[in-house]
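I have placed the structure first, in the form of structure tokens, so that the comments after it can refer back to it.
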Amino acid sequence: MGVVVALATSLCMALLVFAGAVTCSPDEWNLRRRSQSGGLCAQLIQPSGYPCSEHTVQTKDGHVLALQRVSSHAGGDIKANAGPPILLQHGLFQGGDTWFANSIEQSLGFILADNGFDVWVGNVRGTHWSHGHIYFSEKDKEFWDWSWQELALYDLAEMITYVYSTTNSKIFYVGHSQGTIMALAAFSQPDIVEMVEAVALLCPISYLGHLSSQFVRRMVSMHLDQMLLAMGVHQLNFRSATAVQLLDSVCDGHIDCSNLLYAITGKNCCFNDSRVDFYLEYEPHPSSSKNLNHLFQMIRKGTFAKYDYGWWGNLKQYGSHQPPPFDLQRIPKSLPIWMGYGGNDALADVTDVKKTLEELQSEPQLLYLDQYGHIDFVLSVTAREEVYNNMIGFFRSCGNSSIS
Numbered sequence: 001m002g003v004v005v006a007l008a009t010s011l012c013m014a015l016l017v018f019a020g021a022v023t024c025s026p027d028e029w030n031l032r033r034r035s036q037s038g039g040l041c042a043q044l045i046q047p048s049g050y051p052c053s054e055h056t057v058q059t060k061d062g063h064v065l066a067l068q069r070v071s072s073h074a075g076g077d078i079k080a081n082a083g084p085p086i087l088l089q090h091g092l093f094q095g096g097d098t099w100f101a102n103s104i105e106q107s108l109g110f111i112l113a114d115n116g117f118d119v120w121v122g123n124v125r126g127t128h129w130s131h132g133h134i135y136f137s138e139k140d141k142e143f144w145d146w147s148w149q150e151l152a153l154y155d156l157a158e159m160i161t162y163v164y165s166t167t168n169s170k171i172f173y174v175g176h177s178q179g180t181i182m183a184l185a186a187f188s189q190p191d192i193v194e195m196v197e198a199v200a201l202l203c204p205i206s207y208l209g210h211l212s213s214q215f216v217r218r219m220v221s222m223h224l225d226q227m228l229l230a231m232g233v234h235q236l237n238f239r240s241a242t243a244v245q246l247l248d249s250v251c252d253g254h255i256d257c258s259n260l261l262y263a264i265t266g267k268n269c270c271f272n273d274s275r276v277d278f279y280l281e282y283e284p285h286p287s288s289s290k291n292l293n294h295l296f297q298m299i300r301k302g303t304f305a306k307y308d309y310g311w312w313g314n315l316k317q318y319g320s321h322q323p324p325p326f327d328l329q330r331i332p333k334s335l336p337i338w339m340g341y342g343g344n345d346a347l348a349d350v351t352d353v354k355k356t357l358e359e360l361q362s363e364p365q366l367l368y369l370d371q372y373g374h375i376d377f378v379l380s381v382t383a384r385e386e387v388y389n390n391m392i393g394f395f396r397s398c399g400n401s402s403i404s
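Just so we're aligned, residue 1 is where the sequence shown starts under the numbering used here, counting upward by one.
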């Protein structure tokens with residue numbers, strides 16, 4: 001049960017506490033991370049035979065983020081072998097390792113590198129690879145004072161700008177789950193979307209009003225997010241005994257948690273469960289209680305909007321009583337969009353996906369897999385054949401002849 005709990009929380013709705021303090025410049029932090037853990041490149045990507053380099057960016061509010069740059073193992077030189085740049089953005093409570101956690105033959109990061117892309121891997125604030133700040137320690141509540149709103153408008157904006165400036169080229173973008181919320185919010189901002197060539201969204205989320213996950217619905221009804229904030233809990237460690245007790249309280253007599261992964265994400269047809277022990281070497285990753293609260297606000301209200309600080313807080317923050325919505329119609333019609341979604345996904349519900357589609361100006365290219373659940377799109381045993389080949393065909397159709 002412990003393995004299932006840890007895996008489910010890493011891929012879906014859970015929080016993690018990390019101890020430690022960091023107050024240093026981006027360069028110093030990057031050196032410290034590399035000296036302590038070797039970084040994602042050294043730990044996971046290079047041992048698989050792929051050239052990889054570590055990069056560091058700093059957000060406007062002082063968070064220090066890690067980016068990895070990966071190329072095909074055939075060329076050996078990242079810069080000499082670089083094709084069109086593509087940025088991969090992980091989901092909630094995951095990190096950049098997600099794109100390399102499946103087998104080499106089925107991991108999107110390796111597949112894209114082998115197909116001639118200049119692969120960049122994003123890691124948002126709070127993850128194992130990017131949990132530093134120039135002023136605050138991870139023990140400080142200010143370090144965790146953010147939601148996916150900041151991930152979209154600060155983290156993603158900074159990562160896209162860095163890749164765009166480094167490569168001198170518009171980028172392709174791939175996001176999964178939270179990575180799609182970030183994208184849809186960020187690409188409604190003209191200064192960000194102008195650097196993007198085309199977008200692929202796996203399990204696209206902007207609305208959550210029809211989310212059907214029994215486990216998440218139970219947490220929402222318990223007001224667990226508001227309880228955490230009221231108690232001054234800014235992060236939780238779901239590997240700890242206390243967190244397991246919290247999970248038990250959510251399940252207790254209300255939900256069949258014998259298969260917690262199913263209860264949270266929906267039925268996954270093709271999840272590569274033979275690699276569970278390998279996944280747990282890297283996940284779960286941290287996130288903030290405020291982020292969970294923002295997502296639960298969306299579920300309760302059925303809106304795709306900025307964080308709700310309450311009547312008076314909104315007035316001070318936004319100049320209005322209600323938080324401003326993210327307007328999907330502001331995403332340019334000219335931006336090519338591909339979406340992959342599944343009939344068994346209890347988090348990115350088909351009804352909510354259709355609402356997103358109705359609000360977009362463009363008509364995205366769609367891949368619907370009736371048997372797929374939320375995790376299948378990144379960790380299926382047949383992800384290449386059923387998802388990624390279609391996605392790569394979409395990117396090739398966008399007219400970049402340098403993709404092999």
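Heads up, the beta-carbon is just placed ideally off N, CA and C, and yes, glycines get one too. Source: prediction; values computed, not measured.
Kindly list the residues whose CB is nearer than 8 Å to the CB of residue i, restricted to its own chain and excluding five residues on each side of it in sequence; keep chain order.
i, result
"Ser402", "Low per-residue confidence applies at Ser402: pLDDT is 49, beneath 50, and the placement is therefore not dependable, though the value from the model is reported in the following sentence. Result list for Ser402: Gly83, Pro84, Gly116, in chain order."
"Ala198", "Phe172, Tyr173, Leu335, Pro336, Ile337, Trp338, Phe394, Phe395, Cys398"
"Ser53", "Cys41, Gln68, Arg69, Ile78"
"Glu158", "Val57, Gln58, Thr59, Lys60, Leu65"
"Ser320", "Asn314"
"Val193", "Ala186, Phe187, Ile331, Pro332, Leu335"
Grab me the residues of residue i's own chain with a C-beta within less than 7 Å of its C-beta, minus the 5 sequence neighbours each way, in chain order.
i, result
"Gly109", "Val70, Leu88, Trp99, Phe100, Val119, Val121"
"Lys333", "Gln361, Ser362"
"Leu366", "Met339"
"Asn111", "Sequence inspection shows Ile at residue 111; the Asn mentioned does not correspond to that position. Closer than 7 Å at the Cβ level, and outside the excluded window around Ile111, lie Arg384, Tyr388."
"Ala113", "Tyr50, Val70, Ser71, Ser72, Val119"
"Leu163", "Checking the sequence shown, residue 163 turns out to be Val, not Leu. These residues qualify, in order along the chain: Pro85, Leu87, Trp120, Ile171."
Helix, strand or coil for residue i per DSSP?
i, result
"Cys257", "coil"
"Trp146", "coil"
"Cys41", "helix"
"Trp99", "helix"
"Ala66", "strand"
"Arg34", "Any reading at Arg34 must be qualified, since the residue scores a pLDDT of 38, below 50, and its modelled position is unreliable; the value itself is stated next. Reduced to three states, the DSSP call for Arg34 is helix."
"Pro47", "helix"
"His55", "strand"
"Trp312", "helix"
"Ser249", "helix"
"Phe110", "helix"
"Gly179", "helix"
"Tyr406", "The shown model of the chain, from 1 to 404, leaves out residue 406, and the question about it has no answer."
"Phe271", "strand"
"Ser380", "strand"
"Ala230", "helix"
"Ala305", "strand"
"Pro284", "coil"
Starting from residue i and walking both ways along the beta strand (DSSP E), at which residues does that stretch end?
i, result
"Tyr124", "The amino acid at residue 124 is misidentified as Tyr; the sequence shows Val. Neither: Val124 is in no beta strand (DSSP E) and is coded neither H nor E."
"Gln365", "365–369"
"His176", "171–176"
"Gln89", "85–89"
Alpha helix (DSSP H) containing residue i: first to last residue?
i, result
"Ile299", "289–301"
"Met391", "389–397"
"Ser71", "Looking at the DSSP string, Ser71 is not in any alpha helix (DSSP H), and its letter there is neither H nor E."
"Ser165", "157–167"
"Tyr279", "276–279"
"Glu358", "350–359"
For residue i, which residues from the same chain have a beta carbon less than 6 Å from its beta carbon, with the 5 sequence-adjacent residues on both sides left out?
i, result
"His210", "Asp349, Thr351, Asp352"
"Gly91", "His176, Ser177, Gln178, Gly179"
"Gln214", "Ile255, Ala263"
"Gln106", "Ala383, Arg384"
"Asp308", "Gln297, Pro323"
"His63", "Arg125, His133"
May I ask you to check if the CB of residue i is nearer than 7 Å to at least one heavy atom of the ligand FMN?
i, result
"Asp308", "With respect to the ligand FMN, the structure shown offers nothing to examine, as it has no ligands at all."
To test your reading of the DSSP string, which unbroken beta strand (DSSP E) runs of 3 or more residues are found completely within the stretch 187–226? The stretch 187–226 contains these whole beta strand (DSSP E) runs: 196–202.
Assess contact between the stretch 310–326 and the stretch 348–364, defined as three or more Cβ pairs (one per stretch) separated by less than 8 Å. Is contact present? These segments do not touch.
Taking contact to mean at least 3 C-beta pairs separated by less than 8 Å, is the stretch 281–301 in contact with the stretch 217–232? Enough Cβ pairs lie closer than 8 Å, so yes.
Touching by the beta-carbon criterion (3+ pairs, under 8 Å), the stretch 372–387 and the stretch 260–272: In short, these stretches touch, since the Cβ pair count reaches three.
Is the number of C-beta pairs between the stretch 179–193 and the stretch 146–158 that are closer than 8 Å three or more? The stretch 146–158 and the stretch 179–193 touch, with three or more beta-carbon pairs separated by less than 8 Å.
When the Cβ atoms of the stretch 126–139 are set against those of the stretch 299–310, are three or more pairs found closer than 8 Å? Output reads no: the stretch 299–310 does not touch the stretch 126–139.
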